[in-house]
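Student: Quick one: the structure is below, and I'll ask about it shortly.
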Amino acid sequence: MTETAGHRLPHLPPAAARLGAVFARPRRVAVVCVIALAGLGWLYLGLLTAGMTGPGSVWAALCSSTFGAVSTPDASGFVLVALMWGAMTLAMMLPSAAPMILTYAEIADTAARKGVAVVSPFVLAAGYLAVWFGFAALATTAQYVLTRAALLEPTMASASGVFSGAVFIIAGAYQFSSLKHACLRQCRAPFQFFFSNWQTTPRGVFKLGLRQGLFCVGCCWAMMLVMFAVGVMNVIWMAALGIVMTMEKMGSGKRFSQCIGVALILAGVVFIAI
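Under my numbering, the first residue of the sequence shown is numbered 15, with each subsequent residue one higher.
In structure tokens form, the structure reads like this:
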């Protein structure tokens, strides 16, 4: 049997039938979902970076911790910062969720081949992202609070070495916590989670995405807050932290997480010392 044999759509024109066969396969939809949404996040962040510096100094912008004085306490400023945090969650967290989304798609793909109705991976991703967009809203609020407390500059850079050091130390210490590793275990074993909690309705799959999103926040929230210490718009740190969190979820082992914790704590000590 060919890959699309179980998804023929004879009532549609040939072109539409081919397109329908492609998107009837949950794994393909999942790959498109992860690439497209994460790409949108990085594209938006890239446009922000280019807009604040102009095309002649993009590399300097990537390494910069600032984004211009947008942290104003008005509605438009709040929306802009919220959009920025939302783009950061797409860019940094969705790639780390790829194993979870693809695992769901593999199970759904098997079900679809047997003629069983399945829910699109987009619904699962929507539930997952709903949690992280909630985190983005909280981070936006925290940014305003920290700015008003003079711990962050209006340019989104840290205003205090002690504050930066404390953030690093908290993030490093969390790497050793039982809650961190409990959530990380759930992120690393999506097949068992879906096998035990399989749902066949959009509402049920959305809730599965919410639960996975909560596990992910429980695993990664402290490392995300490091952005307050290094500069909220430091794209190099965004990419580095995104890679580290993805490696953790791909089963790099407890020792890797603890080594990252030690490195974060040492960095915090350096920030405070200087």
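Beta carbons are placed, not taken as given, at the ideal position from N, Cα and C, and that holds for glycine.
Here's the rule I'm using: 16 or more other beta-carbon atoms within 10 Å means buried, otherwise exposed. How should Ser192 be labelled?
Tutor: Per the 10 Å Cβ criterion, exposed.
Student: To which residues does DSSP link Ser172 through a beta bridge?
Tutor: DSSP lists Leu166 as partners of Ser172.
Student: Measuring alpha carbon to alpha carbon, tell me which of Thr214, Met252, Tyr188, Thr215 ends up nearest Leu278.
Tutor: Comparing Cα-Cα distances from Leu278 to each of Thr214, Met252, Tyr188, Thr215, the minimum goes to Tyr188.
Student: Find the nearest neighbour of Trp146 within the set Ala156, Ser174, Ile121, Leu108, judged by alpha-carbon distance.
Tutor: Considering only alpha carbons, the answer is Leu108.
Student: Contact check, Gly227 vs Ala144 under 8 angstroms by CB: the rounded distance?
Tutor: Rounded, the Cβ-Cβ distance is 7 angstroms, consistent with contact.
Student: When you compare each of Leu116, Ala153, Ala126 to Met241 by their alpha carbons, which one comes out closest?
Tutor: Considering only alpha carbons, the answer is Ala153.
Student: By the 10 Å Cβ neighbour count, where 16 or more other Cβ atoms means buried, how is Gln157 classified, buried or exposed?
Tutor: With 16 or more Cβ atoms within 10 Å of its Cβ, Gln157 is classed as buried.
Student: Could you pull out every unbroken alpha helix (DSSP H) segment of at least 4 residues lying fully inside the stretch 236-268, listed in chain order?
Tutor: List check, alpha helix (DSSP H) in window: 249-263.
Student: Looking only at its chain, what residues have a beta carbon closer than 8 angstroms to the beta carbon of Met259, apart from the 5 residues adjacent to it on each side?
Tutor: Around Met259: Met106, Met107, Ser110, Cys233, Cys234, Met237.
Student: Whole angstroms are fine: how far does the CA of Pro113 sit from the CA of Pro204?
Tutor: Between Pro204 and Pro113, the C-alpha separation is close to 8 angstroms.
Student: Relative to the alpha-carbon of Ala180, which residue among Ala131, Leu239, Met264 has its alpha-carbon at the smallest distance?
Tutor: Of the listed residues, the one whose Cα sits closest to Ala180 is Leu239.
Student: My output table needs one value for Gly10: the three-state DSSP class, helix, strand or coil.
Tutor: Since the displayed the chain opens at 15 and closes at 288, residue 10 lies outside it and no answer follows.
Student: Is the beta carbon of Phe208 closer than 8 angstroms to that of Tyr118?
Tutor: Yes, Cβ-Cβ distance for Tyr118 and Phe208 is below 8 angstroms.
Student: So, for Val137: in the same chain, excluding its five sequence neighbours on each side, which residues have a beta-carbon less than 8 angstroms away from its beta-carbon?
Tutor: Here the set comprises Pro216, Val219, Phe220, Gly223.
Student: Whole-angstrom Cβ separation of Met170 and Met247, contact assumed at under 8 angstroms?
Tutor: About 6 angstroms; that satisfies the 8 angstroms criterion.
Student: What does the alpha-carbon distance come out to for the pair Lys128 and Trp212?
Tutor: Each residue's alpha carbon lies about 16 angstroms from the other.
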